[in-house]
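> Quick one: the structure is below, questions incoming.
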Amino acid sequence: MSRPHRPRPGVDPVLRARARRRALQALYAWQISGGNAQQVIAQFAHEQAHEVADLEYFEDLVRGVLAERTGLDAALAPHLDRGVEEVDAIERAVLRLAAYELLHRPDVPYRVVLNEAIEIAKRFGSEHGHTYVNGVLDRASGEWRAVEVQAARGNGRH
Numbered sequence: 021m022s023r024p025h026r027p028r029p030g031v032d033p034v035l036r037a038r039a040r041r042r043a044l045q046a047l048y049a050w051q052i053s054g055g056n057a058q059q060v061i062a063q064f065a066h067e068q069a070h071e072v073a074d075l076e077y078f079e080d081l082v083r084g085v086l087a088e089r090t091g092l093d094a095a096l097a098p099h100l101d102r103g104v105e106e107v108d109a110i111e112r113a114v115l116r117l118a119a120y121e122l123l124h125r126p127d128v129p130y131r132v133v134l135n136e137a138i139e140i141a142k143r144f145g146s147e148h149g150h151t152y153v154n155g156v157l158d159r160a161s162g163e164w165r166a167v168e169v170q171a172a173r174g175n176g177r178h
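Residues 21 to 178, numbered by the working numbering, are exactly what the sequence shown covers, in order.
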């Protein structure tokens, strides 16, 4: 019998979810106005002062996505039905954020990454954007986290 995933010690899933939402907003703003990682982080960290979130995780996500953007886009490309830049701006930011976590944060279970990305896309994206995000990330995670995905499917947890 498999055990349900439990949060790792010291990781508050609610604070992580808030950090992801703020990171999405920061990445979307960056896509629209540009700037460097430090400027984007400074703007949103200041605005985030009123909301309790995992600030360290927020910074890691924003810095990581901006630093790895070219590689993330290349990794996403085979799983998309159009060019990365043709994807809606919100869904593009969600996909980059999730791709960063899937490829560079093996400490975060792939199901958590997918579920969080889908929820963020539902909240901020277009009407059916979450469906698109789900399809892309489901295909990509099967490649990028093959062992973890196969283990979950074998346990009936996909």
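For glycine and all other residues, C-beta sits at the position ideal for the given N, C-alpha and C. The model shown is predicted, which means the values in this text are computed figures rather than measured ones.
When DSSP labels each residue in this structure, what does N56 get in the three-state scheme?
N56 falls in the coil class under three-state DSSP.
> In the structure shown, what three-state DSSP assignment does A8 receive?
Outside the shown range of the chain (21 to 178) lies residue 8, about which nothing can therefore be said.
> Count the C-beta pairs between the segment 79-89 and the segment 39-55 that are closer than 8 Å, then say yes if the count reaches three, no if not.
A contact exists between the segment 79-89 and the segment 39-55.
> Just to confirm my understanding: we take H25, look at its own chain, exclude 5 residues before and 5 after, and list those with CB closer than 8 Å. What are they?
Because the pLDDT of H25 is 40, which lies under 50, any placement of that residue in the model is unreliable, and the question is left without a value.
> Taking only three categories from DSSP, how would you classify P129?
It is coil, neither helix nor strand.
> Should E121 go down as buried or exposed, given a rule of 16 or more other Cβ atoms within 10 Å for buried?
The residue in question, E121, is buried, as its Cβ has 16 or more Cβ neighbours within 10 Å.
> Going along the chain, which residues of its own chain have a beta-carbon closer than 6 Å to the beta-carbon of L134, five neighbours each way excluded?
L157, listed in sequence order.
> Looking only at its chain, what residues have a beta carbon closer than 8 Å to the beta carbon of A95, apart from the 5 residues adjacent to it on each side?
Same-chain partners within the cutoff: A119, L123, A160 and W164.
> Tell me the residue span of the alpha helix (DSSP H) that contains L92.
Looking at the DSSP string, the run of the alpha helix (DSSP H) that includes L92 is L75 to L96.
> When every heavy atom of the ligand FMN is checked, does at least one fall within less than 8 Å of the C-beta of R131?
In terms of ligand content, the structure shown is empty, and the ligand FMN therefore cannot be addressed.
> Since L44 and I140 should fall inside the 8 Å C-beta cutoff, what is the C-beta to C-beta distance between them, to a whole number of angstroms?
L44 to I140, Cβ: 5 Å. Contact.
> Along the chain, where does the alpha helix (DSSP H) that runs through R165 open and close?
Where R165 is concerned, there is no enclosing alpha helix (DSSP H), given that its DSSP letter is neither H nor E.
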